[in-house]
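Number of protein chains: 2
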Amino acid sequence: MKTLDETRLLQFKKNLSSCVNVKSKVFYNKELIISYSPIKKKIGFITKGKANIVKTDKEGNTTIMRDLKENDIFSNLFFQNTEDEIYIISNGETKVIFIDYYNIIKNCNQNCPFHNSIVLTLFDLLIEDNKQQNEKIELLSKRTVEEKILFFLKQRMNKNNIFKVTTSYKAIAEYLFVDRANLMRELKKIEEKGLIERYEKTIKILS
Amino acid sequence: MKTLDETRLLQFKKNLSSCVNVKSKVFYNKELIISYSPIKKKIGFITKGKANIVKTDKEGNTTIMRDLKENDIFSNLFFQNTEDEIYIISNGETKVIFIDYYNIIKNCNQNCPFHNSIVLTLFDLLIEDNKQQNEKIELLSKRTVEEKILFFLKQRMNKNNIFKVTTSYKAIAEYLFVDRANLMRELKKIEEKGLIERYEKTIKILS
DNA sequence: TTATTATTGTTGCAAATGCAACAGTAATAT
DNA sequence: ATATTACTGTTGCATTTGCAACAATAATAA
């Protein structure tokens, strides 16, 4: 039994607007959805499209900390105490609902029957986010670039063992926290070993 | 304003037992608190002591994914879809409360006034956990072992810029996902650079 | 106490990695 | 249509890293 099925998420979206204070907004490619700021505590919920959580340190190195898709949540609440700059950037057309944190923790004025269900769904969405973070940590725990690439590809390939690079190899290198040139080099080696077949931005995983 | 202060956590612990079905248990050093198992969905809350989330892959390599302390939560819900083995191991004497997941998502029988407040506190504890995971991802995003060490030390030093190795250098190497011998080598280099001073298991951060 | 096991500290070496640089191509803006 | 910018693919090279091995010390068990 999946805890977060389509029906429940649909209900969640419906209830949200009738209970808590929400704002919906559409972003286009590479727009800034939110930058870390401690001022307004809010939770974002992606109803359509994709986005990246990007970190830039003071030397200017950017890394992609996470990638988000439909039904994922994010929040500036998750990025406190960091010395670097955190941005959330849309990747193509992306629709986001913003939920005010204080609306969640306080019962809504109308004492509506939806509030409890909303909090529980958010709770499960948080657990889902937590799970995805653990997958990222597991990816980064791999010792070599080869291991990282294979883990990444297996995680994302479709039922035909195909992975298509929809972003760029540059972005994948940033996501894996490895040097881009080295990513290309290792991809070639892995192909020579017969573990993958690659044609430009289409990769078939054979192992 | 901190969302999770002592008063609120105390209240949380009190309410828990009167509302949902909880079990409390004490573990001693290096005992298995929980292993990943999809059978029973439960959330653990550490009321005393420390623990580690440890992963072992099929080659037998173990890595420390996270370290947990008092007032941290963990759950097998966070580790689904993993092909490796995940364990939570106590680090010294550790007291844990286990909360049944279904008790949380269903309103309790008595429809008690505490349930809502418990869910909201768990919600904030989840956010806190999320934040800690992001810190770990940030740590792992560092390119070199030197950067990892310095980030790790600065994160954990006390007000006097002192960090004491309470576990072992082996454990730290596993936490940073780097080779132990290389950790020692880099520590020496960093000391020669004048960034730290080290005497056995006490490190003073100078930079 | 003594034996056994785990951790620390060190080194040589091979392999992996990041950096810099550059040409070629693709995508985007003017 | 052309100019400009971004991405791909590749390579040489210096540096970083992990691995293996070993002695010394510390911690734990018998």
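Those protein sequences? They're chains A and B, same order as listed. With our numbering, the residue at position 190 of the first sequence is 190, and numbering never jumps. With our numbering, the residue at position 18 of the second sequence is 1018, and numbering never jumps. Positions of the beta carbon are idealized from the N, C-alpha and C atoms, including for glycine. These numbers come from a predicted model, not from an experiment.
Hey, quick one: how far does the beta strand (DSSP E) through tyrosine 1199/B stretch, first residue to last? Taking the second sequence and counting its residues from 1, one reaches residue 1199/B at position 199. Its beta strand (DSSP E) spans residues 1196-1199.
Go ahead and pull the three-state DSSP assignment for lysine 41/A. Looking up residue 41/A in the first sequence gives position 41. The three-state secondary structure of lysine 41/A, taken from DSSP, is coil.
Can you look up serine 256/A in the DSSP assignment and give me helix, strand or coil? Only positions 1 to 207 of chain A appear in this structure, which leaves residue 256/A out of reach.
Measuring alpha carbon to alpha carbon, tell me which of Tyr1028/B, Met1065/B and Gln1011/B ends up nearest leucine 1140/B. Position 140 of the second sequence, counted from the start, is the residue given in the question as residue 1140/B. Per the Cα distances, Met1065/B.
Proximity of glutamate 93/A and glycine 49/A at Cβ, strictly below 8 Å: Within the first sequence, the letter at position 93 stands for residue 93/A. Within the first sequence, the letter at position 49 stands for residue 49/A. Going by C-beta atoms, glutamate 93/A is nearer than 8 Å to glycine 49/A.
Can you find at least 3 beta carbon pairs, one from the stretch 1046-1061 of chain B and one from the stretch 194-207 of chain A, that sit closer than 8 Å? Proximity of the stretch 1046-1061 of chain B to the stretch 194-207 of chain A falls short of the contact definition, fewer than three beta-carbon pairs being nearer than 8 Å.
Given that leucine 153/A touches chain B, what residues does it touch there, using C-beta distances under 8 Å? The residue labelled residue 153/A in the question sits at position 153 within the first sequence. Those within 8 Å of leucine 153/A in chain B number zero; the least Cβ separation is about 14 Å.
Taking the C-alpha atoms as reference points, what is the distance between arginine 1156/B and alanine 1171/B? Start at 1 with the first residue of the second sequence, and residue 1156/B comes out as number 156. Start at 1 with the first residue of the second sequence, and residue 1171/B comes out as number 171. If you take the alpha carbons of arginine 1156/B and alanine 1171/B, they lie about 15 Å apart.
Taking 8 Å as the threshold (beta carbon to beta carbon), is threonine 1062/B in contact with chain A? Here the question's residue 1062/B lines up with position 62 in the second sequence. No, no contact with chain A.
Buried or exposed: valine 1026/B, going by 16 or more other Cβ atoms within 10 Å of its Cβ? Mapped onto the second sequence, residue 1026/B falls at position 26. So valine 1026/B ends up on the exposed side.
Pick out whichever of Ile1203/B, Thr1003/B and Gln1011/B has its Cα sitting closest to the Cα of histidine 1115/B. As a first step, residue 1115/B is located in the second sequence; it is residue number 115 there, counting from the start. For histidine 1115/B, the nearest C-alpha among the options comes from Gln1011/B.
Just grab the DSSP bridge partners of phenylalanine 12/A for me. Here the question's residue 12/A lines up with position 12 in the first sequence. For phenylalanine 12/A, which the question treats as bridged, DSSP gives no partner whatsoever.
Environment of serine 18/A [buried if 16+ CB atoms lie within 10 Å]: Along the first sequence, read from residue 1 onward, the residue named residue 18/A stands at position 18. Its Cβ having fewer than 16 others within 10 Å, serine 18/A is exposed.
Report the rounded CA-to-CA distance for leucine 1183/B versus threonine 144/A, giving the unit in angstroms. Taking the first residue of the second sequence as position 1, residue 1183/B is located at position 183. Taking the first residue of the first sequence as position 1, residue 144/A is located at position 144. About 17 Å.
Run the CB neighbour count on tyrosine 1028/B, radius 10 Å, all protein chains shown included, and call it buried at 16 or more, exposed below. To locate residue 1028/B, count along the second sequence from 1; it is residue 28. Label assigned to tyrosine 1028/B: exposed.
Just to confirm my understanding: we take leucine 1068/B, look at its own chain, exclude 5 residues before and 5 after, and list those with CB closer than 8 Å. What are they? Counting from 1 along the second sequence, the entry for residue 1068/B is found at position 68. Around leucine 1068/B: Ile1046, Lys1050, Ala1051, Asn1052, Ile1053, Phe1074 and Ile1088.
So phenylalanine 98/A and lysine 42/A are supposed to be a Cβ contact under 8 Å. How far apart are they, rounded? Start at 1 with the first residue of the first sequence, and residue 98/A comes out as number 98. Start at 1 with the first residue of the first sequence, and residue 42/A comes out as number 42. Right, their Cβ atoms sit about 5 Å apart.
Residue-level contact to chain B via CB, methionine 65/A, 8 Å cutoff: Stepping through the first sequence from its first residue, residue 65/A is reached at position 65. Closer than 8 Å: yes.
Looking at C-alpha atoms only, which residue of Pro113/A, Val20/A and Lys13/A is the closest neighbour of glutamate 70/A? In the first sequence, residue 70/A corresponds to position 70, counting from 1. Out of Pro113/A, Val20/A and Lys13/A, Lys13/A has the C-alpha closest to the C-alpha of glutamate 70/A.
Following the continuous alpha helix (DSSP H) through lysine 1095/B, name the residue where it begins and the one where it ends. The residue given as residue 1095/B occupies position 95 in the second sequence. Here lysine 1095/B belongs to no alpha helix (DSSP H); instead the beta strand (DSSP E) covers 1085-1100.
Taking the alpha carbon of lysine 23/A as the point to measure from, which residue in Tyr101/A, Glu85/A and Leu4/A has its own alpha carbon closest? Position 23 of the first sequence, counting from 1, holds the residue named residue 23/A. The shortest C-alpha separation from lysine 23/A is found at Tyr101/A.
To which residues of the same chain is lysine 1201/B closer than 7 Å at the C-beta, ignoring the five residues directly before and after it? Along the second sequence, one-based indexing puts residue 1201/B at 201. The answer, listed in chain order, is Lys1164 and Val1165.
May I ask you to report which of helix, strand or coil DSSP gives phenylalanine 1078/B? Position 78 of the second sequence holds residue 1078/B. Phenylalanine 1078/B falls in the helix class under three-state DSSP.
Cα-Cα separation, asparagine 1076/B to isoleucine 127/A: The sequence position of residue 1076/B within the second sequence is 76, counting from 1. The sequence position of residue 127/A within the first sequence is 127, counting from 1. Each residue's alpha carbon lies about 10 Å from the other.
When we look at the beta-carbon of glutamine 55/A and count the other beta-carbons within 10 Å, is it buried (16 or more) or exposed? The residue you call residue 55/A lines up with position 55 of the first sequence. Rather than glutamine, the amino acid found at residue 55/A in this sequence is lysine. Buried: at least 16 other Cβ atoms inside 10 Å.
Taking 8 Å as the threshold (C-beta atoms), are glutamate 1146/B and glutamate 1192/B in contact? As a position in the second sequence, residue 1192/B is number 192, starting the count at 1. As a position in the second sequence, residue 1146/B is number 146, starting the count at 1. No, they are not a contact pair.
Beta-carbon separation of valine 1020/B and isoleucine 1105/B under 8 Å? Position 20 of the second sequence holds residue 1020/B. Position 105 of the second sequence holds residue 1105/B. No. Outside cutoff.
Opening and closing residue of the alpha helix (DSSP H) in which leucine 206/A lies: Along the first sequence, one-based indexing puts residue 206/A at 206. Unbroken run through leucine 206/A: none, as it is neither H nor E.
With DSSP as the reference, label glutamate 121/A as helix, strand or coil. Locating residue 121/A in the first sequence gives position 121, counting from the first residue. Note that residue 121/A is threonine in the sequence shown, not glutamate. Note: threonine 121/A maps to helix in three-state DSSP.
If we count the other Cβ atoms within 10 Å of its Cβ and call it buried at 16 or more, is asparagine 1158/B buried or exposed? Taking the first residue of the second sequence as 1, we reach residue 1158/B at position 158. Residue environment for asparagine 1158/B: exposed (fewer than 16 other C-beta atoms within 10 angstroms of its C-beta).
Find the residues of chain A that neighbour phenylalanine 1123/B, judging by a C-beta separation of less than 8 Å, and give them in chain order. On the second sequence, position 123 is the one that residue 1123/B refers to. Within 8 Å Cβ-Cβ: Ile104, Ile105, Val119, Leu122, Phe123 and Leu126.
For lysine 1164/B, which of helix, strand or coil comes out of DSSP? The residue given as residue 1164/B occupies position 164 in the second sequence. If DSSP states are grouped into helix, strand and coil, lysine 1164/B belongs with the strands.
Mind checking the stretch 128-145 of chain A against chain B and listing, in chain order, the residues whose C-beta falls within less than 7 Å of any C-beta there? Asp129, Asn130, Lys131, Gln133, Asn134, Lys136, Ile137, Glu138, Leu140 and Ser141
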